[in-house]
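First the structure, in the form of structure tokens, and then the observations on it.
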Amino acid sequence: MFGSKILPVVLAIVSAVTVSGAAIEKRQSCAKTCGTVCYTQSDIDDAVAQGYGYHENGETVGSNDYPHQYNNFEGFDFPDAGPWYEFPMLSSNEVYTGGSPGADRVVFNEAGNFQDAITHTGASGNNFVACT
Numbered sequence: 000m001f002g003s004k005i006l007p008v009v010l011a012i013v014s015a016v017t018v019s020g021a022a023i024e025k026r027q028s029c030a031k032t033c034g035t036v037c038y039t040q041s042d043i044d045d046a047v048a049q050g051y052g053y054h055e056n057g058e059t060v061g062s063n064d065y066p067h068q069y070n071n072f073e074g075f076d077f078p079d080a081g082p083w084y085e086f087p088m089l090s091s092n093e094v095y096t097g098g099s100p101g102a103d104r105v106v107f108n109e110a111g112n113f114q115d116a117i118t119h120t121g122a123s124g125n126n127f128v129a130c131t
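Just so we're aligned, residue 0 is where the sequence shown starts under numbering that gives the first Met the number 0, counting upward by one.
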């Protein structure tokens, strides 16, 4: 009888130790937020790599032919000189390969260096505003 009372206590302790010792995956924080969409640095890096890869190969995808030159009519202050190119960054956190581009973009220069993230969300007309 004594053993039947101790067994549940021992099992509870073993379970607690097992759970507390389990590896916990660390979530990446938002590097940029476009509207209400959080993008990690990995999301940004993946979008730039995909867009720059198409650019280097002379290829485009989607009905708007991404990546395409970004003219910066809004006057953003990018770290590097142009020409700049825009490429979609999807709220699904998938890499863009065609179809609807959504509202968010990465901007990169001729060398493939990330310049900034911009979005149509909150902008008037077909303009962009900076992601934060």
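We treat Cβ as the ideally placed atom computed from N, Cα and C, and that holds for glycine.
*Would you list the residues sitting across from residue 78 in a DSSP beta bridge?*
The sequence position of residue 78 within the sequence shown is 79, counting from 1. Per the DSSP secondary-structure output, residue 78 pairs with nothing in a beta bridge.
*If you count every other CB in all the chains shown that lies within 10 Å of the CB of residue 15, and 16 or more means buried, which is it?*
Looking up residue 15 in the sequence shown gives position 16. Residue placement at residue 15 is poorly supported in this model, since its pLDDT is 46, which falls under 50; the coordinates are not used for a value here.
*Specify the secondary structure class of residue 129 as computed by DSSP and reduced to three states.*
For the purposes of this step, residue 129 is taken as the residue at position 130 of the sequence shown. DSSP places residue 129 in strand when its eight states are reduced to three.
*What first and last residue would you give for the beta strand (DSSP E) that runs through residue 68?*
Within the sequence shown, numbered from 1, the residue matching residue 68 stands at position 69. Run containing residue 68: 67–69, per the beta strand (DSSP E) assignment.
*Terminal residues of the continuous alpha helix (DSSP H) containing residue 73?*
Residue 73 sits at position 74 when you count from the first residue of the sequence shown. Boundaries for residue 73: no alpha helix (DSSP H) harbours it, and the DSSP string shows neither H nor E there.
_The beta strand (DSSP E) enclosing residue 27, as first and last residue numbers_ = The residue labelled residue 27 in the question sits at position 28 within the sequence shown. Counting along the chain, residue 27 falls outside any beta strand (DSSP E), and DSSP gives it neither H nor E.
*Name the DSSP beta bridge partners of residue 85, please?*
For the purposes of this step, residue 85 is identified with residue 86 of the sequence shown, where counting begins at 1. Looking at the DSSP assignment, residue 85 forms a beta bridge with 67, 106.
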